[in-house]
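Undergrad: Structure in structure tokens, see below.
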Amino acid sequence: MNDTFLKACRGEEVPYTPVWIMRQAGRYLKQYQKIRKKVDFLTLCKTPELAAEVTIQPVDALGVDAAILFSDILIPVEAMGMNVKFLEKKGPVLSPTARDEASIERLSIPRPETDISFVMETIKILRKELSTRVPLIGFSGAPFTTATYMIEGGSSKNFLQTKKMIFQKRDLFALLMDKVSTTVTEYLKAQIRAGAQAVQLFDTWAGIFSPVDYRDYIFPYVSRVIDELRNWQKSENMEQVPVIYFVGESAGLIEEIRKCNADVIGIDWRINIEDAIRRLGDGFSVQGNFDPCALFLPKEDIQIRIENIIDNASSARGHIFNLGHGVLPETPVESVVSMVDMVHRYGMKKQKKC
Ligand code: CP3
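Mapping to our numbering: the sequence shown position 194 is 202, numbers consecutive.
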């Protein structure tokens, strides 16, 4: 198996810079659209053979160094007892919103092996099909990013309901975050037991906070999830599966994020990767941080930006090339294919020079 990605996560020597792409399975791929014409998104997530098939599509089409489980961060939320729908133009809609004590008390903590068994089944199929190829990344929303969908009832612009709850009903927010954190921990443990070889926590929206609010209300929960995963694997004498913590708009939060025990920190393009590495210190590998919109540039400019990122990341103990957020549905596939190729070629040259 190509283990370049896992080595870079652990800060071990690698023959070239590994790359995968957030949302690498999805609508910009014709092969994906063909399957989506036949089934809706949730059915796709819940049909292990199909979910496995779309997980592998980008591995075949792009030549990336890791596969990421095809699923969604809202899958465990449905298992907690909320109604989750994905509407064609609107995105996710969740009901009833988790804003009062009764609706939060009503939420259950799922037993993932039985309540979300289709995900574990998908992982098992994938491990077989990928065995000689690339590692499989499992994932979950981080507690906050998961909780904000539950509070807002869907996507949000200014996260008013979430912030109001933190500032006005602190105990209620703590109750919700406690339940979500336990759910996320148990869900990731189950994914690791089923065969996930790395896990990523998506904290896409944590960047909406001031550093102090992030430190007080958001960080303790994600840190708890990471520590529980670590301690559990230690107590079971398991090999530690790398944990990647991705935070959107993290530039103002690096000094808080560096207190977590993840192996890899994922960052977006709003910060120079060299600056992030310096502020994170020696304890982490970094993942990122190409602007998804820069894939609409001419090839020569894409090449220059790739070289800059790889050069600027050379001070990190490990670097996994990625976008700073998910690939956009309108992106030309050829640009993504050549980006992966450019990273591999330039990343190999760099390693040889060292
Ligand atoms: O990365 C991958 O290829 C794995 C699959 C994956 C999906 N969603 C598939 C998906 C992953 C890792 C996610 C994570 C996710 N889901 C996040 C965190 C990362 C991020 O991108 O911010 C969030 C916030 C969600 C919630 C979500 N799911 C939204 C807001 C939407 C609607 C917007 C959109 O892109 O359509 C989704 C739907 C979704 N999740 C799709 C896919 C492929 C599109 C569904 C379709 O086929 O119509």
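We treat Cβ as the ideally placed atom computed from N, Cα and C, and that holds for glycine. Quantities reported herein were computed from a predicted structural model and do not represent experimental measurements.
#1: Under 7 angstroms Cβ to Cβ from Y354, same chain only, skipping five residues before and after it: list those, please.
#2: Could you give the distance in angstroms between the alpha-carbon of V294 and the alpha-carbon of G274?
#3: According to the neighbour-count rule (16 or more other Cβ atoms, all chains shown, within 10 Å of its Cβ), is K172 buried or exposed?
#4: Under 8 angstroms, with one C-beta from each stretch per pair, do the stretch 41-61 and the stretch 99-117 reach the 3-pair mark?
#5: Just to confirm the assignment: which complete beta strand (DSSP E) runs, minimum length 3, are found wholly within the stretch 303-343?
#6: Cutting at 8 angstroms between CB atoms, please list the residues of its own chain near I312, excluding the five before and the five after it.
#7: Would you mind working out which of L331, D283, C268, T63 sits nearest D299, comparing C-alpha positions?
#8: Measuring straight from C-alpha to C-alpha, what distance separates R223 and K177?
#9: State the CB to CB distance for the pair A69 and Q39, rounded to an integer number of angstroms; the pair is presumed to be in contact (CB under 8 angstroms).
#10: Compute the distance between the beta-carbons of T154 and L82, then report whether it is under 9 angstroms.
#11: Please go through the stretch 46-97 and give each complete beta strand (DSSP E) segment of 3 or more residues, from N-terminal end onward.
#12: Would you report the Cα separation of S148 and V85, rounded to the nearest angstrom?
#13: Are three or more beta carbon pairs between the stretch 181-188 and the stretch 196-204 nearer than 8 angstroms?
#14: Would you kindly work out how many angstroms separate the C-alpha atoms of G89 and K15, rounded to a whole number?
TA: Here's the rundown:
#1: I314, E315, I318
#2: 6 angstroms
#3: exposed
#4: no
#5: 327-331
#6: none
#7: L331
#8: 18 angstroms
#9: 7 angstroms
#10: yes
#11: 91-95
#12: 10 angstroms
#13: no
#14: 38 angstroms
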